[in-house]
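Notes follow the structure.
2 protein chains.
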Amino acid sequence: MVERKRWSEAFSDWFNEVIETAGILDKRYPVKGMNVWLPYGLKIMRNIEKFIREEMERTGHQEVLFPALIPETEFRKEAEHIAGFEGEVFWVTHAGLDPLDVRLILRPTSETAMYSMFSLWIRSHADLPFKVYQIVNVYRYETKHTRPLIRVREISHFFEAHTAHRDFEDAERQIREDLEIFDRLMRKLAIAYIISKRPEWDKFPGAFYSLGAEVVMPDGRTLQIGTMHNYKQNFARAYNILYETETGDHEYVHQTTFGMSERLLAAVIAIHGDDRGMVLPPTIAPIQVVIVPIPKKDAEVDVYAYAREIAEELKVAGIRVHVDERDIRPGRKFYDWELKGVPLRIEVGPRDVEGKTVVIARRDTLTKETVKRARVVDRVRELFDEIMENLHARAREWLESHIKRVETLEEAKEAFEDRRGVVEIPWCGEEECGLRMEEVLDAKMLGTPYPEEEALRLEGKRCPVCGGEAKFVARFARTY
Amino acid sequence: MVERKRWSEAFSDWFNEVIETAGILDKRYPVKGMNVWLPYGLKIMRNIEKFIREEMERTGHQEVLFPALIPETEFRKEAEHIAGFEGEVFWVTHAGLDPLDVRLILRPTSETAMYSMFSLWIRSHADLPFKVYQIVNVYRYETKHTRPLIRVREISHFFEAHTAHRDFEDAERQIREDLEIFDRLMRKLAIAYIISKRPEWDKFPGAFYSLGAEVVMPDGRTLQIGTMHNYKQNFARAYNILYETETGDHEYVHQTTFGMSERLLAAVIAIHGDDRGMVLPPTIAPIQVVIVPIPKKDAEVDVYAYAREIAEELKVAGIRVHVDERDIRPGRKFYDWELKGVPLRIEVGPRDVEGKTVVIARRDTLTKETVKRARVVDRVRELFDEIMENLHARAREWLESHIKRVETLEEAKEAFEDRRGVVEIPWCGEEECGLRMEEVLDAKMLGTPYPEEEALRLEGKRCPVCGGEAKFVARFARTY
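If you're matching them up, the sequences are chains S and W in order. Per the working numbering, the first sequence starts with residue 610, numbered consecutively. Per the working numbering, the second sequence starts with residue 610, numbered consecutively.
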């Protein structure tokens, strides 16, 4: 397989090859930017979705399901939102053999589908906070280079939570809850990330402010894997979402949204993988343990029976296990399961049967150990914890070593030439200076660190463009 | 609420009201034939889907996920299929501000999306049988009167299994497996059904033969809730799906499909419901037991604490339970939960606390019994079984009493005027006579009983149109 070669563009070849050979997606579907989900990839994604649903359940969000088609008339109600999406929506103009009276768009996101219904559902302060979510397919006519899982025209696993609140403060509380949910999910995926408050010129169309969560990919570019937006009353005014207060007045609700997608899987594959393929966190691996029997000619013991016995024991303990009894050489089996990222491989040969042992190989460290038969279940559980810790520690280390704080544009340029990642620069807060830095660095401003307390180490620092007093730390990156 | 009035058109009003007031769907979405799934309805549907997935897993089908958009060029490859669907597909003709080079359809079903990929995936006899499925949203521009769950333009929960086989016999084995899966699902839903082999003029476009599963709704009309098709090599030829045999020849695969949708939920609501609303089988009820504390003024015992204690015990036993602690009168709570079809209601008042008892009310029979506190979990489990049996028995009885075998068109007409349902008539097998009967009876021919052995009680019977020897029993019904 293609060598992974961190730091270089070869990462992209590695990524494409893994996605195909490990059975995640088939990219040969005859529409650009739309892929077929293969069984193994879909199972991983379903496991990720399961964690999302659990978090939604825990925090009192209700699941809903809206139509994928939105009438043009609804779509056109919020001006900034249309401006932001008009260039990238797919239009349904005909049905059967006739043109439609009102054209429909395929949802690029569901604000304009949901909010006229919200105005029917929300009546009084007793209905607030109002919290719903859905996981659906959405469509964006991307004109940039498409990439599987990362930049696609059909997002098959788009998560969107939409909430409504009595006031700004309660909407802010929701954003804090979203950040907590996001952090819990990232622990399940062993992913390290940063949160930035987007600059004014890069907010979600219609938002009061936008937060973005980024990871640093192996080639040093960042990938946005989550967003939280506070809309204030912007959409509520456009869609007339009012509630009656305790005193009988009518007020517009405050709204927030929280979004994620299959980019979570892209991050898992990219960040944990290595030259042999994927390395899956046990939390989301469809197969957590694969058992490979290694028979020897003339050996009298039955390695297959032994393997099945251990598998049964693991299964009873709630572990997702598979015995590979294919009639091919063990080396070929090792190769397959390493590519697919199975966290633990148990090898059993005649000597293991006789000595009542097994050999356990870790996918993340590629190390092996011999374990007593009676200890297998316990040891597997311990190793899952160790793998999660190791993957998370490695991810944190990678992220931290790719965030560089500098004071001049020259230093920033050097950082991008060296290892890329995220570069933090003092900034006066003026749009002009921000855009100038983007231009000079050929990079995007991700925004300022969030929560904002983070930014308060700026005494005496100057904006490198205008020389004015720095009020923010601005983060820059080459982005996906 | 509207009286249910079996036999009459008022059923339709009842159905619409239940769907809205019980929190299944909101029909006010501003696109005709497209509805919003509300949390409670979605939870029931997800429980139904869970059973479908379990069955697919059990029978070795793999889950895949294809794009919802199909290029016109792929869609046009199989002639009968296009002819069948051309009048009812939604067309995506523009993206952003530009017309598309190749127009796209929104899938009405996924044959034409999947089969060019199948031709890449299936190479040799070792790949067969090949069995996949997906649960997705599909689109049909219905020109008839739309009805929620029953006839919609967006089917949100379309199940489709697609299989490929080495020969006709193995495809037939698959159809038998589909029938077995379907029967197991219907037991989970306590639904009684019939299977008919559709007449030639009503096959699925492109199929060699089609089977349909029907239920009889409360107004005597039938609803198709499942289909199985044997395509023979028809699509394989159009999409070039070949496999290499053991002897090195190349043969076209034989294919089948199996389809279901949210019509399953429509059947559950319609068949088990009554004048108070839904009656859900415990298997799919989001809340299986609701506990209503009934406090009395001046009573010294804490009915709420007692209710929570029992709830905790049921929860630990794996039962989906909810304590209704709202500050409204118990009668209002009874009304709400009866409408939502919760299988069991547990009432606890001060005397129950003192006597260590509870009162359990069954939704299906509306009967009550007093149960000792220590017996609650066991009794709830027993009652679930009794409810399932009762619902299934009632459904079978209803179905059987609505299938009438007659010999003349006059008798058939009378049957339709009386209680409708399914009318079985001897038939020579000629299309002309079949279509004539449809016309005279103002009904559709569902087809002939399947498996075909069923039909062999025809000695000496005559086709009432041409007077020729009857070779089949033909089933007619007014259909949804």
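Here a beta-carbon is modelled for each residue, glycine too, at the ideal position from N, C-alpha and C. Computed from a predicted model, the values in this text were never measured in an experiment.
For residue i: DSSP bridge partner residues
{"i": "residue 861 (chain W)", "result": "W:851"}
{"i": "residue 928 (chain W)", "result": "Per DSSP, none; premise fails for residue 928 (chain W)."}
{"i": "residue 671 (chain W)", "result": "W:741"}
{"i": "residue 646 (chain S)", "result": "S:634 and W:674"}
{"i": "residue 771 (chain S)", "result": "S:741 and S:866"}
{"i": "residue 1088 (chain S)", "result": "S:831"}
{"i": "residue 682 (chain W)", "result": "Note: residue 682 (chain W) sits in no beta bridge, so no partner."}
{"i": "residue 1013 (chain S)", "result": "S:1032"}
{"i": "residue 1083 (chain W)", "result": "W:1034"}
{"i": "residue 803 (chain W)", "result": "W:823"}
{"i": "residue 996 (chain W)", "result": "None; residue 996 (chain W) has no bridge partner."}
{"i": "residue 763 (chain S)", "result": "S:748"}
{"i": "residue 1071 (chain W)", "result": "W:1078"}
Closest residue to residue i among the options (Cα-Cα distance)
{"i": "residue 639 (chain W)", "options": "S:747, S:714 and S:629", "result": "S:714"}
{"i": "residue 815 (chain S)", "options": "S:778, S:853, S:720 and S:835", "result": "S:720"}
{"i": "residue 786 (chain W)", "options": "W:727, W:771 and W:649", "result": "W:771"}
{"i": "residue 763 (chain S)", "options": "S:734, S:677 and S:668", "result": "S:677"}
{"i": "residue 779 (chain S)", "options": "S:804, S:865 and S:935", "result": "S:865"}
{"i": "residue 807 (chain S)", "options": "S:795, S:823 and S:845", "result": "S:823"}
{"i": "residue 756 (chain W)", "options": "W:958, W:642, W:741 and W:796", "result": "W:642"}
{"i": "residue 938 (chain S)", "options": "S:902, S:911, S:961 and S:912", "result": "S:902"}
{"i": "residue 915 (chain W)", "options": "W:622, W:894, W:960 and W:977", "result": "W:960"}
{"i": "residue 1021 (chain W)", "options": "W:1083, W:1066 and W:645", "result": "W:1083"}
{"i": "residue 809 (chain W)", "options": "W:1072, W:777 and W:1044", "result": "W:1044"}
{"i": "residue 784 (chain S)", "options": "S:1068, S:701 and S:868", "result": "S:868"}
{"i": "residue 1060 (chain S)", "options": "S:1081, S:907 and S:979", "result": "S:1081"}
{"i": "residue 646 (chain S)", "options": "S:940, S:1050, S:871 and S:944", "result": "S:871"}
{"i": "residue 828 (chain W)", "options": "W:619, W:1023 and W:1058", "result": "W:619"}
{"i": "residue 898 (chain W)", "options": "W:830, W:882 and W:996", "result": "W:996"}
{"i": "residue 1117 (chain W)", "options": "W:1019, W:964 and W:874", "result": "Look at the range of chain W in this structure, 610 to 1089, and you will see that residue 1117 (chain W) is not part of it."}
{"i": "residue 999 (chain S)", "options": "S:626, S:798, S:752 and S:723", "result": "S:798"}
Neighbourhood of residue i by C-beta distance below 6 Å, restricted to the same chain and skipping five residues each side
{"i": "residue 698 (chain S)", "result": "714 and 717"}
{"i": "residue 1041 (chain S)", "result": "none"}
{"i": "residue 1008 (chain W)", "result": "801 and 825"}
{"i": "residue 993 (chain W)", "result": "891"}
{"i": "residue 913 (chain W)", "result": "902"}
{"i": "residue 684 (chain S)", "result": "714 and 721"}
Other residues of its chain near residue i: CB distance less than 7 Å, five sequence neighbours each side excluded
{"i": "residue 1070 (chain S)", "result": "1016, 1035 and 1079"}
{"i": "residue 926 (chain W)", "result": "986"}
{"i": "residue 791 (chain S)", "result": "822 and 835"}
{"i": "residue 847 (chain W)", "result": "686 and 687"}
{"i": "residue 861 (chain W)", "result": "842, 845, 846, 850 and 851"}
{"i": "residue 795 (chain S)", "result": "802"}
{"i": "residue 876 (chain S)", "result": "800, 824, 832 and 834"}
{"i": "residue 747 (chain W)", "result": "716, 717, 718, 764 and 767"}
Sequence-distant residues of its chain with Cβ nearer than 8 Å to residue i (five each side left out)
{"i": "residue 750 (chain S)", "result": "696, 697, 698, 699 and 762"}
{"i": "residue 1053 (chain S)", "result": "811, 1047, 1085, 1086, 1087 and 1088"}
{"i": "residue 1005 (chain S)", "result": "801"}
{"i": "residue 726 (chain S)", "result": "675"}
| request: Enumerate, from N- to C-terminal direction, the unbroken alpha helix (DSSP H) stretches of 4 or more residues contained entirely within the region 867-920 of chain W. | output: The region 867-920 of chain W contains these whole alpha helix (DSSP H) runs: 872-881.
| task | Mind listing, in chain order, the continuous beta strand (DSSP E) runs of no fewer than 3 residues lying wholly within the region 693-755 of chain S? | result | DSSP assignment within the region 693-755 of chain S yields the following whole beta strand (DSSP E) runs of 3 residues or more, N-terminal first: 699-704, 707-715 and 739-748.
| task | Pair every Cβ in the region 620-635 of chain W with every Cβ in the region 648-655 of chain W, then say whether three or more of these pairs are closer than 8 Å. | result | yes
| Complete beta strand (DSSP E) runs within the region 926-992 of chain W (minimum length 3 residues, chain order) | Taken in chain order, the whole beta strand (DSSP E) runs of length 3 or more contained in the region 926-992 of chain W are 930-932, 953-957, 966-971 and 977-981.
| If we count Cβ pairs, one from each stretch, closer than 8 Å, do we get three or more for the region 1033-1040 of chain W versus the region 983-1002 of chain W? | no
| message | Restricting to runs no shorter than 4 residues, where is the alpha helix (DSSP H) found entirely within the region 805-853 of chain S? | response | 843-848
| message | Quick check for students: name the residue ranges of the alpha helix (DSSP H) that lie wholly in the region 1033-1065 of chain W, counting only runs of 4 or more. | response | Here the runs fully enclosed are 1040-1050.
| field | Three-pair Cβ contact test at 8 Å for the region 939-957 of chain W versus the region 967-980 of chain W | value | yes
| Cβ pair count under 8 Å reaching 3, the region 661-680 of chain S against the region 682-697 of chain W | no
| On the three-pair Cβ rule with 8 Å, is the region 735-743 of chain W touching the region 701-714 of chain W? | Two segments are said to touch when three or more pairs of C-beta atoms, one from each, lie closer than 8 Å; by this definition the region 735-743 of chain W does not touch the region 701-714 of chain W.
| field | Touch test, the region 940-954 of chain S against the region 873-888 of chain S, Cβ-Cβ under 8 Å, three pairs minimum | value | yes
| query | Listed in chain order, which residues of the region 734-755 of chain W have Cβ atoms closer than 9 Å to some Cβ of chain B? | reply | Going by chain labels, chain B is absent from the structure shown, which instead holds the protein chains S and W.
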